[in-house]
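In our numbering, the protein residues as written are 98 to 514.
All residues carry an ideal CB built from backbone N, CA and C; glycine is no exception.
Structure first, then comments.
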Ligand code: C5P
């Protein structure tokens, strides 16, 4: 099945400076045999170990080296180069390259591509055992893992420098398997349908006034975009926000909770529903047809409110066309996990993404978020909780999309075997 996975896939291979660079040649050969297109970037250090000529001959493509080479820039900008791939592979990934990646340094073509890419990244580290075990390398790896980078190896064994221990780059066959795994299970949503709600709802009081909230729609929009990038066909049902419609997503704009529910139901069936909208819990029971006036001597209006439909619960509890995975958010200011776990139960959804929206966190309307993924346990077991470090809403969206891809991929594999 591996052959099918790699057929037509585009791999951007960054070859760093290490003795293990020779294994990159074998990796290219195997990738090509399986029908993948490989485009190589050779770092300055890498060029000390293998030549652009060999990489080019094996990949049957141009090899990119210097960031400021005018001919390269004229043919293809670095942004395009970094995004035209399905996967970016760094092999060998040296301690120095990992450090620069972890810090977001972009001082050569390889690190610039790594910073500019919106594609998954797989690293195959290779270095001396002391360097591998150094606290700085540990820190950098933790940072990269938190950023969503996947790693293969290193292996334990004798090293070219004469020492013994972890640091040898994984063998080409293992890197190949990791590439296949990254392209299949890890978050691919190809062929899946996703429904995402985002933003606030506006509930009219009269033709000009409404009840709303401060939701910016940033997190929901980012999730819709991340799912689309992973190949899903996405419908985004959004309340009024200033966020632009994400690329490659069908966006439906609504105002009220009732409109949002109707648009969601019309978008079914879907494999996954992510309810990120801050839906107004109440609406005015009888909005005025004309603008309310403040007339002298007249009593001030009293707004009678009625409960809005709960979109998340409605989708989660559908008998027909219930999405396989229904995900809600829990914006809380205290007892985060306890409330999130209770919400799983009361709404009937599969996952809750809990975030602290105390004003001091700046989450509402801000660029960053800190979340806990709370998954319903099997049967009566307790929910599983995964806490993620504070990160940009875009990075959190990527991880959510990846987890969705993993879960749906596993379900599909389980039903077809
Ligand atoms: O009940 P609470 O508003 O705290 O639940 C939050 C979750 O429920 C969010 O995922 C939100 O999108 C969803 N929700 C909904 N419809 C409502 C209220 C909340 O879909 N009327």
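Looking at the secondary structure, which residues open and close the alpha helix (DSSP H) in which residue 286 lies? Indexing the chain shown from 1 puts residue 286 at position 189. Taken as a continuous stretch (DSSP letters only), residue 286 belongs to no alpha helix (DSSP H), as it is neither H nor E.
Report the rounded CA-to-CA distance for residue 151 versus residue 486, giving the unit in angstroms. The residue you call residue 151 lines up with position 54 of the chain shown. The residue you call residue 486 lines up with position 389 of the chain shown. So the two alpha carbons sit approximately 41 Å from each other.
Going by DSSP in three states, residue 443 sits in which element: helix, strand or coil? If you number the chain shown from 1, residue 443 lands on position 346. Residue 443 falls in the helix class under three-state DSSP.
Are at least three pairs of beta-carbons, each pair with one atom in the region 109 to 119 and one in the region 178 to 194, less than 8 Å apart? With a cut-off of 8 Å, the region 178 to 194 and the region 109 to 119 count as touching, because enough Cβ pairs lie within range.
Among 186, 300, 468, 482, the one whose alpha carbon lies nearest that of residue 250: Reading the chain shown from its first residue, position 153 is the one you call residue 250. The shortest C-alpha separation from residue 250 is found at 186.
Heavy atom of ligand 3 less than 7 Å from the Cβ of residue 332, yes or no? Although ligand 3 was asked about, the structure shown includes only ligand 1 as ligands.
If you reduce the DSSP assignment to three classes, tell me which class residue 110 lands in. Here residue 110 corresponds to residue number 13 of the chain shown, with the count starting at 1. In the structure shown, residue 110 sits in a strand (DSSP, three-state: E or B).
Alpha carbon of residue 158 to alpha carbon of residue 358, nearest angstrom: Stepping through the chain shown from its first residue, residue 158 is reached at position 61. Stepping through the chain shown from its first residue, residue 358 is reached at position 261. Cα to Cα, the separation comes out at about 50 Å.
Short of 7 Å in beta carbon distance, which residues of its chain neighbour residue 201, apart from the five on each side in sequence? Order them along the chain. In the chain shown, residue 201 corresponds to position 104, counting from 1. Its chain contains 212 as the residues whose beta carbon lies nearer than 7 Å to that of residue 201, once the 5 sequence neighbours on both sides are disregarded; these appear in chain order.
Given residue 295 as reference, the closest of 288, 321, 308 once Cα atoms are compared: Your numbering for residue 295 matches position 198 in the chain shown. Here the closest residue by C-alpha is 321.
Residue 515: which of 392, 367, 401 sits nearest, CA to CA? What the structure shows of the chain is the stretch from 98 to 514, and residue 515 is not part of that stretch, so it cannot be assessed.
Comparing alpha-carbon positions, which option in 279, 298, 218, 227 lies nearest residue 246? The residue you call residue 246 lines up with position 149 of the chain shown. The candidate whose alpha carbon is nearest that of residue 246 is 218.
beta-carbon residue 302 near ligand 1 non-hydrogen atom, thresh 7 Å: In the chain shown, counting from the first residue as 1, residue 302 sits at position 205. No, the Cβ of residue 302 stays beyond 7 Å of every heavy atom of ligand 1.
Cut-off 6 Å between Cβ atoms - residues of its own chain near residue 371, not counting five sequence neighbours on either side: In the chain shown, the residue the question calls residue 371 occupies position 274. Closer than 6 Å at Cβ, skipping near neighbours: 293, 320, 424.
If you reduce the DSSP assignment to three classes, tell me which class residue 483 lands in. The residue labelled residue 483 in the question sits at position 386 within the chain shown. Strand, per DSSP.
For the putative contact between residue 346 and residue 333, defined by C-beta atoms under 8 Å, what is the C-beta separation to the nearest angstrom? The sequence position of residue 346 within the chain shown is 249, counting from 1. The sequence position of residue 333 within the chain shown is 236, counting from 1. Indeed they touch by this definition, with Cβ atoms about 5 Å apart.
Could you spell out the range, first to last residue, of the beta strand (DSSP E) harbouring residue 335? Residue mapping note: residue 335 aligns to position 238 of the chain shown, counting from 1. Start and end: 330 to 335.
Between which two residues does the beta strand (DSSP E) holding residue 136 run? As a first step, residue 136 must be located in the chain shown, where it is residue number 39. Bounds of the beta strand (DSSP E) holding residue 136 are 134 to 139.
For residue 161 and residue 167, the rounded distance between their alpha carbons: Here residue 167 is taken as the residue at index 70 of the chain shown, counted from 1. Here residue 161 is taken as the residue at index 64 of the chain shown, counted from 1. For residue 167, the predicted structure reports a pLDDT of 43, less than 50, and the residue's modelled location is therefore unreliable. A value from the coordinates is still provided. Taking the straight line joining both Cα atoms gives about 12 Å.
Beta-carbon within less than 8 Å of residue 354's beta-carbon, same chain only, minus the 5 sequence neighbours each way: which residues are those? Taking the first residue of the chain shown as position 1, residue 354 is located at position 257. Hits under 8 Å: 298, 300, 376, 377, 380, 405, 406, 408.
Answer yes or no: do residue 273 and residue 139 have a C-beta to C-beta separation smaller than 8 Å? The residue labelled residue 273 in the question sits at position 176 within the chain shown. The residue labelled residue 139 in the question sits at position 42 within the chain shown. At the C-beta level, residue 273 and residue 139 stay beyond 8 Å of one another.
Does the beta-carbon of residue 432 have 16 or more other beta-carbons within 10 angstroms, so that it is buried, or is it exposed? Counted from its first residue, the chain shown places residue 432 at position 335. When all chains shown are included, residue 432 counts as exposed.
Should residue 114 and residue 191 be called a contact, given that it needs their Cβ atoms to be closer than 8 Å? Taking the chain shown and counting its residues from 1, one reaches residue 114 at position 17. Taking the chain shown and counting its residues from 1, one reaches residue 191 at position 94. Yes; because the gap between Cβ atoms is below 8 Å, this pair is in contact.
Suppose you measure from the CA of residue 458 to the CA of residue 328; what does that come to, to the nearest Å? Position 361 of the chain shown, counted from the first residue, corresponds to residue 458. Position 231 of the chain shown, counted from the first residue, corresponds to residue 328. Distance between the alpha carbons of residue 458 and residue 328 is about 33 Å.
In angstroms, rounded to a whole number, what distance separates the CA positions of residue 482 and residue 392? Residue mapping note: residue 482 aligns to position 385 of the chain shown, counting from 1. Residue mapping note: residue 392 aligns to position 295 of the chain shown, counting from 1. Taking the straight line from one Cα to the other gives about 55 Å.
Return yes when the C-beta of residue 406 is under 7 Å from any heavy atom of ligand 1, and no when it is not. Indexing the chain shown from 1 puts residue 406 at position 309. Flag set: Cβ of residue 406 near ligand 1.
Taking residue 313 as the reference, which of 441, 267, 454, 193 has the closest Cα? Sequence index remark: in the chain shown, residue 313 carries index 216 (1-based). The option with the nearest alpha carbon to residue 313 is 454.
Within the continuous beta strand (DSSP E) that includes residue 372, where are the two ends? Residue 372 sits at position 275 when you count from the first residue of the chain shown. 369 to 372 is the span of the beta strand (DSSP E), which, as asked, contains residue 372.
Any heavy atom of ligand 1 closer than 7 Å to the CB of residue 354? What you label residue 354 is simply residue 257 of the chain shown in a count that begins at 1. Residue 354: yes, Cβ under 7 Å from ligand 1.
How far does the beta strand (DSSP E) with residue 235 in it extend, from its first residue to its last? Here the question's residue 235 lines up with position 138 in the chain shown. No beta strand (DSSP E) holds residue 235; the alpha helix (DSSP H) holding it covers 232 to 243.
Do residue 290 and residue 366 count as a contact pair if the criterion is CB distance below 8 Å? As a position in the chain shown, residue 366 is number 269, starting the count at 1. As a position in the chain shown, residue 290 is number 193, starting the count at 1. Yes, they are a contact pair.
Any chance you could list the alpha helix (DSSP H) runs of at least 4 consecutive residues sitting entirely within the region 171 to 229, in chain order? 175 to 180, 192 to 200, 206 to 213
Could you round the C-beta distance between residue 267 and residue 252 to whole angstroms and report it? I think they count as a contact, below 8 Å. Position 170 of the chain shown, counted from the first residue, corresponds to residue 267. Position 155 of the chain shown, counted from the first residue, corresponds to residue 252. The pair is a contact, with the Cβ atoms about 6 Å apart (cut-off 8 Å).
From the DSSP output, in three-state form, read off residue 269 for me. Mapped onto the chain shown, residue 269 falls at position 172. Note: residue 269 maps to helix in three-state DSSP.
Spatial neighbours of residue 229 within its chain, please: CB distance less than 8 Å, with the 5 preceding and 5 following residues excluded, ordered by chain position. Walking along the chain shown from the start, residue 229 turns up at place 132. Within the same chain, residue 229 has close Cβ partners 192, 222, 251, 262, 263, 264.
Between the C-alpha atoms of residue 149 and residue 188, what's the straight-line distance to the nearest angstrom? Mapped onto the chain shown, residue 149 falls at position 52. Mapped onto the chain shown, residue 188 falls at position 91. Rounded to the nearest whole angstrom, the C-alpha separation of residue 149 and residue 188 is 15 Å.
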